[in-house]
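*Asks:* The structure's right below; bear with me while I get my questions together.
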Amino acid sequence: MASKNINIALFLTINLVFFGFTIAQDPVPQAPTCPLSSTQVEACVSRIIDTLNFFSLVTARLCCVSLTAGLDASVASVCICDAVKLADPLFEQTDAFRRVTNVCLIGPPAGFRCA
Numbered sequence: 264m265a266s267k268n269i270n271i272a273l274f275l276t277i278n279l280v281f282f283g284f285t286i287a288q289d290p291v292p293q294a295p296t297c298p299l300s301s302t303q304v305e306a307c308v309s310r311i312i313d314t315l316n317f318f319s320l321v322t323a324r325l326c327c328v329s330l331t332a333g334l335d336a337s338v339a340s341v342c343i344c345d346a347v348k349l350a351d352p353l354f355e356q357t358d359a360f361r362r363v364t365n366v367c368l369i370g371p372p373a374g375f376r377c378a
């Protein structure tokens, strides 16, 4: 009877150790997604890409700032990147992304790439 209790105790101890290892692992970080409507963001991005004069740039900045207000820089960058891809697929995406983030006064996180 004593050996049976020792076997059960050893079995439970090993299970708890392995269970602890599986629970203690860090969760995989989720990539941020854009909570905004793609058509709203695309309209502002298209306006910024097509800006030729100062006055249209001001209205584009107001549109962009109002849309991205309250968003984290990484989430806003994802929204802008998605909209740049939709707005003008033939336009150089890196340049367009940089231009839009500069106009919108958003600093993308370090290492962020719009690809």
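Residue numbers for the sequence shown follow the numbering used here, so the first one is 264 and each next one is one higher.
Glycine included, every Cβ here is placed at the ideal spot set by N, Cα and C.
Strictly under 8 Å for the Cβ-Cβ distance: is residue 350 near chain D by that measure?
*Replies:* Looking for chain D here will not work: only one protein chain is present.
*Asks:* If you run the structure through DSSP and keep just helix, strand and coil, what is residue 375?
*Replies:* If DSSP states are grouped into helix, strand and coil, residue 375 belongs with coil.
*Asks:* For the stretch 276-352, list the beta strand (DSSP E) runs that are entirely contained and at least 3 residues long, ordered along the chain.
*Replies:* Counting whole runs of 3 or more residues, the stretch 276-352 contains no beta strand (DSSP E) stretch at all.
*Asks:* Please return the same chain residues whose Cβ sits closer than 6 Å to the Cβ of residue 309, not counting the five positions on each side in sequence.
*Replies:* Correct list, in chain order: 350.
*Asks:* On a Cα-Cα basis, can you pick out the residue from 335, 368, 299 and 337 that is closest to residue 385?
*Replies:* In the structure as shown, the chain starts at 264 and stops at 378, and residue 385 therefore has no counterpart that could be examined.
*Asks:* Under a Cβ-count criterion, where at least 16 other Cβ atoms within 10 Å of its own Cβ denotes burial, should residue 343 be classed as buried or exposed?
*Replies:* Buried, because 16 or more other Cβ atoms sit within 10 Å of the Cβ of residue 343.
*Asks:* If we count Cβ pairs, one from each stretch, closer than 8 Å, do we get three or more for the stretch 266-284 versus the stretch 292-309?
*Replies:* Output reads no: the stretch 292-309 does not touch the stretch 266-284.
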